[in-house]
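**Q** Can you read through this structure? Questions will come right after.
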Amino acid sequence: MATPPPPLPPMPPRHVSCGSLLQELQELWGEIGQDEMKRDRMILQLEEDCLNVYKQKVNQTRKQKADLLQELSLGEADIDKILSALGERETFPRSEKLGGTLMEQLAKIEPVLEDLRRRRDERVNEFKAIQSKIVCLQAEISGAIDHGDPAAPVVDENDLSLKRSGELKEHLNDLQTEKNGRLQKIDIQTNSIHEMCNIMSIDLKMALKDVHPSYAELGRSKPMSISNSSLDRLSEKVHALNHEKKQRLRKLQDLGSTLIELWNLMDTPTDEQRFFDHVTSLIKVSPTTAMPQGCLAHEIIEKVETEVKRLTKLKASKMKELVFKKLTDLEEIYRSVHMDIDSDSERQTLNDLIDSGRADLSELLARMDIRIAEAKEHALSRKDILEKVEKWTLASEEETWLDEYERDQNRYNAVRGAHINLKRAEKARILVSKLPSLLENLTAKIKAWEKEMGIPFIFNKELKKLQEQFATEQGAKFGTKPSPIRPLSSRKPLGQSSNANIIGGTPTSRRVSTPMSRKGRPSSGRVQEAVKTAVAPANYVALPKDCSDISTL
Numbered sequence: 001m002a003t004p005p006p007p008l009p010p011m012p013p014r015h016v017s018c019g020s021l022l023q024e025l026q027e028l029w030g031e032i033g034q035d036e037m038k039r040d041r042m043i044l045q046l047e048e049d050c051l052n053v054y055k056q057k058v059n060q061t062r063k064q065k066a067d068l069l070q071e072l073s074l075g076e077a078d079i080d081k082i083l084s085a086l087g088e089r090e091t092f093p094r095s096e097k098l099g100g101t102l103m104e105q106l107a108k109i110e111p112v113l114e115d116l117r118r119r120r121d122e123r124v125n126e127f128k129a130i131q132s133k134i135v136c137l138q139a140e141i142s143g144a145i146d147h148g149d150p151a152a153p154v155v156d157e158n159d160l161s162l163k164r165s166g167e168l169k170e171h172l173n174d175l176q177t178e179k180n181g182r183l184q185k186i187d188i189q190t191n192s193i194h195e196m197c198n199i200m201s202i203d204l205k206m207a208l209k210d211v212h213p214s215y216a217e218l219g220r221s222k223p224m225s226i227s228n229s230s231l232d233r234l235s236e237k238v239h240a241l242n243h244e245k246k247q248r249l250r251k252l253q254d255l256g257s258t259l260i261e262l263w264n265l266m267d268t269p270t271d272e273q274r275f276f277d278h279v280t281s282l283i284k285v286s287p288t289t290a291m292p293q294g295c296l297a298h299e300i301i302e303k304v305e306t307e308v309k310r311l312t313k314l315k316a317s318k319m320k321e322l323v324f325k326k327l328t329d330l331e332e333i334y335r336s337v338h339m340d341i342d343s344d345s346e347r348q349t350l351n352d353l354i355d356s357g358r359a360d361l362s363e364l365l366a367r368m369d370i371r372i373a374e375a376k377e378h379a380l381s382r383k384d385i386l387e388k389v390e391k392w393t394l395a396s397e398e399e400t401w402l403d404e405y406e407r408d409q410n411r412y413n414a415v416r417g418a419h420i421n422l423k424r425a426e427k428a429r430i431l432v433s434k435l436p437s438l439l440e441n442l443t444a445k446i447k448a449w450e451k452e453m454g455i456p457f458i459f460n461k462e463l464k465k466l467q468e469q470f471a472t473e474q475g476a477k478f479g480t481k482p483s484p485i486r487p488l489s490s491r492k493p494l495g496q497s498s499n500a501n502i503i504g505g506t507p508t509s510r511r512v513s514t515p516m517s518r519k520g521r522p523s524s525g526r527v528q529e530a531v532k533t534a535v536a537p538a539n540y541v542a543l544p545k546d547c548s549d550i551s552t553l
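The sequence shown maps to residues 1 to 553 in UniProt numbering.
Set out below in C-alpha cells:
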C-alpha cells in the first residue's frame, strides 16, 4: 500500500483589513449574482454586528477603568487605615498627585501597600504573642489555669501603635515581676517543706501534691499554680509541717531526757547508750536549728518509745533494789553510831509503797538520800561521844579482866606467860583509876549534846532512865556523878587471844564478878528486859505506816 503524500505546510497569515474583505465579498456576490437589495441588507447587518462588538468592547473597557479606580481608591484607603493603625504619621500622595495612567498609579501604590500589610501582620503577630503571655500570666495568678488552657486572645487591629505595644509590654513586665515574686515565695516555702520532709521522712511529692497537683511536677515542665489560694494553702502546709516538726522534736526531747534519767538510774553501760546518741543529741536543739535527715521520723520515735517502755518496766525492780540498798546504807550508818532502826517494819512499808504503784520512785530515792545525809550529819555529831564511850568500854573491860585476874589464886605461880599478865594488870590498874574522870567527861558530853540537839542521847535503843540508873551504880562505886550506862560489849578482853592456850594462866574465857563489879554492871537479863520495854527514841527515824503518802518520808 502506497504511503500518502506529506501534508502541505500551512500558509503564513496575511494582513487582512475590513476594506479588503468587503471588496472580496462584493466580488463574490457579483460572481454569484446576488441581489443588490440583499447585498445592502447583508452589509447593513455586518455594520450593525461590528457596532455591537465595539460597544461591547467599550463597555468592558469602561468597567476595567472603574475597577482600576476602585482598586486605586481601596488601596489608598488601606494605606490610610494601616498607617492609622500603626500609629505612623507618614502620608502617601493621592492618585491625582501621582500622575500617569491608572495602571501606572496602581503600580506605584501596590508595593507600598504590600509593605504596609507586611508590617501590619508583623505587628499583629507581636501583639498576639504579648497578649497570649499576658493571658497566661493572668490565668496563673488568678488560678484560672486550673480549669484548662485560656482562650486565644483577640487582637484589636485598629490600634497597633508602638504606644499600645509599649503599654502591653509594660503590663507584661508587671505580671512577670509579680509571677517571679510569687515563684520566689513558692521556692522558699517548697524548700522549707523539702527540708522538713527530709527531717521527718515524709513523702515530699505527696506533701506538695496535697497543696496543688502542679507542685508535684519535677522540673516544672508544666505551669505552676501561683494563685492566692495556692499560696495560702502552701503557707498552711508549711505551718502544719512546722507544727508537726516542733511536736515531734518536743516528744523526742522528752523521750531523750527520760532515757538519760533511766540510764543514770540503772547505770546503763555507755555502749548501750551510744545506740541513741542521735536522740540525746537533740535534747537542747532549737526547732530552728538544722537537723540531720530522718532524725524526726516516726520510726525513730517509735523505737525510742519502745526503749523507754522497756527501761520503765525494768525501772520498778531496779528502783526497788536501789531503795532497799539505800535503806541498808541507812541501817549501816545508824548501826555504826549505835542507833537502831526498825529494819523489818521499814522494809515492809517500802515494799508495800512500791508495789502499790502510788509512789514516785525518783522522789522516794531523793528522800532516802536526804535521810542518809541527815543520818550522816547526826552520826558526825555523836562521833566525839562515841569515842569517849569506846575508851570507857575498854577501861571497863580491863576492869573486868583485872577482877578476874586478882581472884585467880595462881596468878603468882612461875608459869609460862605470868610476867605478861603481871604487866597487863599494872596497866589495867592505871586505866581503871581513870574511870571516874572518863565517866564525868562522858556525862558532860552527853548532857551538852542533848542540850544542843534537843533530844535524849540513845545508845543501842536504851532509854535515858536506864542510863542514869546504871550511871548511878557506877557513881556509887567510884563516888562520882551519874554517868551513862556501860554498854554490854561484844569485844573480847585485852590479851585473850594471846593467853587462851596458856596452861595455868589467868582465865579469860569466863567472867567472875567481884562485889565491886556486880554493883557497877547490870545482868544481861535486866538489859534485855529494858530493851523490850523501851519506847521509840526521839531521834529514831522510821517510815510511816501509811504508805499512801510519801511526803512524810
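Here a beta-carbon is modelled for each residue, glycine too, at the ideal position from N, C-alpha and C. Everything numeric in this text was worked out from a predicted model, so none of it was measured.
Is the Cβ-Cβ distance between LEU282 and MET200 less than 9 Å?
**A** Taking 9 Å as the Cβ cut-off, LEU282 and MET200 do not qualify as a contacting pair.
**Q** Candidates LEU241, ASN264, ASP210: which alpha carbon is nearest LYS315's?
**A** Nearest C-alpha to LYS315: ASN264.
**Q** Among residues of its own chain, excluding the 5 on either side of ILE300, which ones have a beta-carbon nearer than 8 Å to its beta-carbon?
**A** So the list reads LEU252, HIS278, VAL279, GLY294, once near-sequence residues are dropped.
**Q** Short of 8 Å in beta carbon distance, which residues of its chain neighbour PHE276, apart from the five on each side in sequence? Order them along the chain.
**A** The residues are GLY256, LEU259, VAL304, GLU307.
**Q** Quick check: ILE141 and LYS185, are their CB atoms within less than 9 Å of each other?
**A** Cβ distance not < 9 Å, so ILE141 and LYS185 don't count as in contact.
**Q** For the alpha helix (DSSP H) containing GLU363, list its first residue and its last residue.
**A** Its alpha helix (DSSP H) spans residues 361-407.
**Q** Suppose you measure from the CA of LYS128 to the CA of TYR215; what does that come to, to the nearest Å?
**A** Going from the Cα of LYS128 to the Cα of TYR215 covers about 29 Å.
**Q** Sorted by chain position, which residues of the same chain lie with C-beta nearer than 6 Å to LEU137's C-beta, five sequence neighbours on each side aside?
**A** Around LEU137: LEU175, LYS179.
**Q** Run through DSSP, which three-state label would PHE276 get?
**A** Three-state DSSP puts PHE276 in coil, outside helix and strand.
**Q** On the CB-based measure, 16 or more other CB atoms within 10 Å of its CB, does ARG117 come out buried or exposed?
**A** By the 10 Å Cβ count, ARG117 comes out exposed.
**Q** As a quick exercise: from LYS313, HIS212, VAL16, GLU88, pick the residue whose alpha carbon is nearest that of LEU262.
**A** Closest by alpha carbon: LYS313.
**Q** According to the Cβ coordinates, are ILE202 and VAL238 closer than 9 Å?
**A** Taking 9 Å as the Cβ cut-off, ILE202 and VAL238 do not qualify as a contacting pair.
**Q** Check whether the Cβ atoms of THR190 and LEU160 lie closer than 9 Å to each other.
**A** In this structure, LEU160 does not lie closer than 9 Å to THR190 by Cβ.
**Q** Please state the DSSP three-state secondary structure of PHE459.
**A** In this structure, PHE459 counts as strand in the three-state DSSP scheme.
**Q** What three-state label does DSSP hand TYR54 in the structure shown?
**A** It is helical.
**Q** Does the Cβ-Cβ distance between LYS391 and LYS445 come in under 9 Å?
**A** No, they are not a contact pair.
**Q** Could you spell out where the alpha helix (DSSP H) holding VAL304 opens and where it closes?
**A** Here the alpha helix (DSSP H) through VAL304 covers 298-336.
**Q** Which residue's Cα is closest to the Cα of LEU438: LYS326, LEU394, LEU402?
**A** For the residues LYS326, LEU394, LEU402, the minimum Cα distance to LEU438 belongs to LEU394.
**Q** Please go through the same chain and pick out, in chain order, the residues whose beta-carbon is closer than 7 Å to the beta-carbon of ARG39, but skip the five residues on each side of it.
**A** Cβ within range, chain order: TRP29.
**Q** Determine the direct distance from the alpha carbon of LEU168 to that of GLN60, and round the result to whole angstroms.
**A** Those two C-alpha atoms are separated by around 51 Å.
**Q** For LYS318 versus ASN351, is the C-beta spacing smaller than 9 Å?
**A** No. Outside cutoff.
**Q** Please tell me whether residue 560 and ARG164 are closer than 9 Å, where the distance is taken between their beta carbons.
**A** The question about residue 560 has no answer here: the residues shown for the chain are numbered 1 through 553.
**Q** Between PRO269, ARG248, ASN125, LYS325, which has its C-alpha nearest PRO287's C-alpha?
**A** Closest option to PRO287, Cα to Cα, is ARG248.
**Q** Quick check on the DSSP output: the alpha helix (DSSP H) that includes VAL285 runs from which residue to which?
**A** VAL285 -> no alpha helix (DSSP H), and no H or E assigned at all.
**Q** When you compare the CB positions of ILE134 and HIS171, do they come within less than 9 Å of one another, or not?
**A** Against a cut-off of 9 Å, the Cβ pair of HIS171 and ILE134 comes out as a contact.
**Q** What would DSSP say about ARG119, mapped onto helix, strand or coil?
**A** Of the three classes helix, strand and coil, the one that applies to ARG119 here is helix, per DSSP.
**Q** Indicate the three-state DSSP secondary structure (helix, strand or coil) for ARG164 in the structure shown.
**A** In this structure, ARG164 counts as helix in the three-state DSSP scheme.
**Q** So what's PRO153 in DSSP terms, helix, strand or just coil?
**A** PRO153 falls in the coil class under three-state DSSP.
**Q** Hey, how far is the Cα of LEU330 from the Cα of LYS423?
**A** Roughly 43 Å between the two C-alpha positions.
**Q** Would you call the CB atoms of LEU365 and LEU322 closer than 9 Å?
**A** Yes, the Cβ-Cβ distance between LEU365 and LEU322 is below 9 Å.
**Q** Verify the CB distance criterion: does MET206 have a CB-CB separation below 9 Å to chain B?
**A** Among the chains of the structure shown, chain B does not appear; only one protein chain is present.
**Q** Using a Cβ-Cβ cutoff of less than 7 Å, which residues in the same chain neighbour LEU113 once the five nearest sequence positions on both sides are dropped?
**A** Cβ neighbours of LEU113 beyond the five flanking positions: GLY75, ASP78, ILE79.
**Q** May I ask you to report which of helix, strand or coil DSSP gives SER17?
**A** Here SER17 sits in coil by DSSP.
**Q** Which of the three DSSP states is assigned to ARG358 in this structure?
**A** ARG358 falls in the coil class under three-state DSSP.
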